[in-house]
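K.L.:
Take this structure, written in structure tokens, and hold onto it; I'll ask about it next.
Numbering (this note's numbering), first residue to last: 1099 to 1778.
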């Protein structure tokens, strides 16, 4: 006869059934709140966004289940830990079962409370919980409580919380009683019990992660649509509160940007004393007047390419492998700066540095995400009459990029979800879509443009050349097998990374072929650079600059390049110089932050920007300096190209001093825009 379960095993079965019960109850509450939002608060037209809404509800359900399972993990771990000690139905067995029930009811009540409060928050602020929820507490308990009590939704919301909480708790307690009664005489063989326990725990862990792929559910999965209201349906109250707190923790408490410090930095960097009056506008300069640009403003396409390192474009490091693919001929035909540094060695900081002129990587998902910065590149183009578009191969929610960059002057942000709608055959990866579809969309935008339309400023950001280096099934692969000498530089890096590197360059080449061979050839500027170099490759100590270097490429239409010469002193250029160059190439009398130089200007006009800046290195003329804390140069090398030769200590040139102040200026400008100078 099959034996009855031990008290410990019986407790485990009951707790797993309890978790199932409370998960279903919280999911039901979360869904009721979403339908309330969709039908009452948003009045959302679900027919127009039917597919997005279905995807949103599916993703939301994954979050709901994951939240409940993670919250109940305490009970599961408790029952597993106490299993060997629960041999009788009383004592520890009853205590564990009671603790699990109390914990489950508490989870349910908190879930109800946060979900109802989130609805009220959305009704008032127009968005789910964010870091302002916690920053608001800084106003003092009396002011916070007074503000809450003054809300029309306070008393009805409180009533709903207690009614739904009490009713749901009663239902859960009833279900616990039924579970206890129905399992009292449960019998299982040891083999079946072991199998059921193992399978249930594996399923628990998988559902608790929210995914069986490489990455678990995270903040990036909250954005699934171009319609904000659909995205607002995804997080339940618990998830919204959790990410709001995480954003709050990441939010830097910015101190005021003192006018005195700003003036000191201004004089040190620009070599002139600032004028009396407001200091902030003096950090801006203006591109020259151009009747040609005023009459025919060109489109500008800036491509930021994931891990596009310059080293792999050189025969010295690529061992003759055609890694540049379709991009190779264009690098030879047009303007290509091959001694060029990114601002940083990670995507987020490089993108923010280029497009917003800030060093603060968390700004896009902090409490300051709602502040529009005047130093934004998109705003410069927008003020000059451009339509501004950001096309991203990744998911819109990564680093909150979609919402943030729309606040920084981009009229339109297209991410992987929207690309998938436009190109249903696009395969999806853990990061989003594939790069070729980004460039296909850019080609569409350019081809659809008429002479009556506003000129376009388009920024693209690719993702394919990023771990886990996934390619579409029809992409070319096996370049390392064909060029085995590449293994000498690969180190621990996957050979698939060489295939993704070539893949993106292939489609960049196709984009350039289309632009240069079509009607857009006389009216479109194209720039290409890497967000950072390929990480993980083998380089020697004296090749440290090769390890971090990226290319900079320009295609400039014939009507605009007639009077241009090759970029001046290209060996001292970096990311900071890209946007000023584009402003001069495309915009007439445009005010922009004076934080870099026009690479096509005369050599004598490049001060005070005659240095190349990377967060780790500073290049001044034929010297390279390793930067320490706060951008202070420490070690020096003589430089031949990008090769570094150790030298003895020597006096630091004036330009190196300006480079050391560059970080401080970016920080001052950011703080001034976010919190002001503190002076009335």
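Just so you know, even glycine gets a beta-carbon here, dropped at the ideal spot from N, CA and C.
For residue 1194, which residues in the same chain have their Cβ closer than 7 Å to its Cβ, ignoring the five residues on either side in sequence?
P.N.:
Correct list, in chain order: 1109, 1176, 1177, 1180 and 1184.
K.L.:
Classify residue 1524 as buried or exposed, calling it buried when 16 or more other Cβ atoms lie within 10 Å of its own Cβ.
P.N.:
Flag for residue 1524 reads buried.
K.L.:
Given this structure, state the Cα-to-Cα distance separating residue 1772 from residue 1581, to the nearest angstrom.
P.N.:
Looking at the two C-alpha atoms, the distance is approximately 51 Å.
K.L.:
Note the first and the last residue of the continuous alpha helix (DSSP H) segment covering residue 1382.
P.N.:
Unbroken run through residue 1382 is the beta strand (DSSP E), 1382–1384; no alpha helix (DSSP H).
K.L.:
What number of angstroms, rounded off, separates the C-alpha of residue 1269 from the C-alpha of residue 1556?
P.N.:
The alpha-carbon atoms of residue 1269 and residue 1556 are separated by roughly 55 Å.
K.L.:
Tell me the DSSP bridge mates of residue 1397?
P.N.:
DSSP, once it has assigned bridges, lists 1622 as partnering residue 1397.
K.L.:
Quick one, which of 1587, 1548, 1403 and 1225 has its alpha-carbon nearest residue 1417's?
P.N.:
Closest by alpha carbon: 1587.
K.L.:
Please determine, among 1561, 1512 and 1553, the residue with the shortest C-alpha to C-alpha distance to residue 1539.
P.N.:
For the residues 1561, 1512 and 1553, the minimum Cα distance to residue 1539 belongs to 1512.
K.L.:
Looking only at its chain, what residues have a beta carbon closer than 7 Å to the beta carbon of residue 1210, apart from the 5 residues adjacent to it on each side?
P.N.:
If we look at residue 1210 and ignore the five residues flanking it on each side, its Cβ neighbours are 1127, 1259, 1262, 1263 and 1266.
K.L.:
Note the first and the last residue of the continuous beta strand (DSSP E) segment covering residue 1434.
P.N.:
Taken as a continuous stretch (DSSP letters only), the beta strand (DSSP E) holding residue 1434 covers 1433–1435.
K.L.:
Can you check whether the CB of residue 1159 is closer than 8 Å to the CB of residue 1113?
P.N.:
Not closer than 8 Å, so no.
K.L.:
Taking the alpha-carbon positions, what's the residue 1291 to residue 1170 distance?
P.N.:
C-alpha separation (whole angstroms): 21 Å.
K.L.:
Note down, one range per segment and in chain order, each alpha helix (DSSP H) of at least 4 residues found wholly within the stretch 1664–1728.
P.N.:
If we require 4 residues or more, the alpha helix (DSSP H) runs fully inside the stretch 1664–1728 come out as 1676–1684.
K.L.:
What separation, rounded to the nearest whole angstrom, lies between the Cα atoms of residue 1237 and residue 1207?
P.N.:
A caution first: residue 1237 carries a pLDDT of 45, below 50, which makes its placement in the model unreliable, though a value can still be read off. Computed Cα separation, rounded: 27 Å.
K.L.:
Assuming residue 1599 and residue 1421 are in contact, meaning their beta carbons sit under 8 Å apart, how far apart are those beta carbons, in whole angstroms?
P.N.:
Going by Cβ atoms, the distance from residue 1599 to residue 1421 rounds to 6 Å, so yes, they are a contact pair.
K.L.:
Determine the burial state of residue 1494: buried for a count of at least 16 other Cβ atoms within 10 Å of its Cβ, exposed for fewer.
P.N.:
So residue 1494 counts as buried.
K.L.:
Which residue's Cα is closest to the Cα of residue 1625: 1683, 1657 and 1571?
P.N.:
Cα-wise, what sits closest to residue 1625 is 1683.
K.L.:
Please determine, among 1440, 1318 and 1221, the residue with the shortest C-alpha to C-alpha distance to residue 1403.
P.N.:
Nearest of 1440, 1318 and 1221 to residue 1403, Cα basis: 1440.
K.L.:
For residue 1510, report the span of its beta strand (DSSP E) as first-last.
P.N.:
Unbroken beta strand (DSSP E) run through residue 1510: 1510–1512.
K.L.:
Quick one: Cα of residue 1227 to Cα of residue 1205, how far?
P.N.:
When rounded, the distance between both Cα atoms is 19 Å.
K.L.:
Can you tell me the Cα-Cα spacing of residue 1330 and residue 1213, whole angstroms?
P.N.:
Rounded to the nearest angstrom, the two C-alpha atoms are 12 Å apart.
K.L.:
For a test of the three-state rule: what should DSSP assign to residue 1654, helix, strand or coil?
P.N.:
Residue 1654 falls in the coil class under three-state DSSP.
K.L.:
Buried or exposed for residue 1553, going by 16 or more other Cβ atoms inside 10 Å?
P.N.:
It counts as buried.
K.L.:
Does DSSP put residue 1237 in a helix, a strand or coil?
P.N.:
Bear in mind that a pLDDT of 45 at residue 1237, under 50, signals an unreliable position, so the number given afterwards is only what the model happens to contain. Helix, per DSSP.
K.L.:
Helix, strand or coil for residue 1737, going by three-state DSSP, please let me know.
P.N.:
Note: residue 1737 maps to strand in three-state DSSP.
K.L.:
Rounded to whole angstroms, what is the Cα-Cα separation between residue 1165 and residue 1415?
P.N.:
Near 48 Å, if we compare the C-alpha coordinates of residue 1415 and residue 1165.
K.L.:
With H, G and I counted as helix, E and B as strand and the rest as coil, what does DSSP make of residue 1578?
P.N.:
Three-state DSSP puts residue 1578 in a helix.
K.L.:
Could you round the C-beta distance between residue 1623 and residue 1653 to whole angstroms and report it? I think they count as a contact, below 8 Å.
P.N.:
The Cβ separation is near 7 Å, so the contact holds.
K.L.:
Just verifying my parser: in three-state terms, what is the DSSP assignment at residue 1659?
P.N.:
Helix, per DSSP.
K.L.:
Given this structure, state the Cα-to-Cα distance separating residue 1821 from residue 1336, to the nearest angstrom.
P.N.:
Any answer about residue 1821 is impossible in this case: the structure gives the chain only from 1099 up to 1778.
K.L.:
Give the range of the alpha helix (DSSP H) segment to which residue 1609 is assigned.
P.N.:
Start and end: 1594–1614.
K.L.:
Rounded to whole angstroms, what is the Cα-Cα separation between residue 1711 and residue 1442?
P.N.:
When rounded, the distance between both Cα atoms is 9 Å.
K.L.:
How would you label residue 1320, buried or exposed, when you count the other beta carbons within 10 angstroms and need 16 or more for buried?
P.N.:
That one is buried.
K.L.:
Decide if the stretch 1504–1519 is in contact with the stretch 1368–1379; the criterion is three or more beta carbon pairs, one per stretch, under 8 Å apart.
P.N.:
They do not touch, by the three-pair rule.
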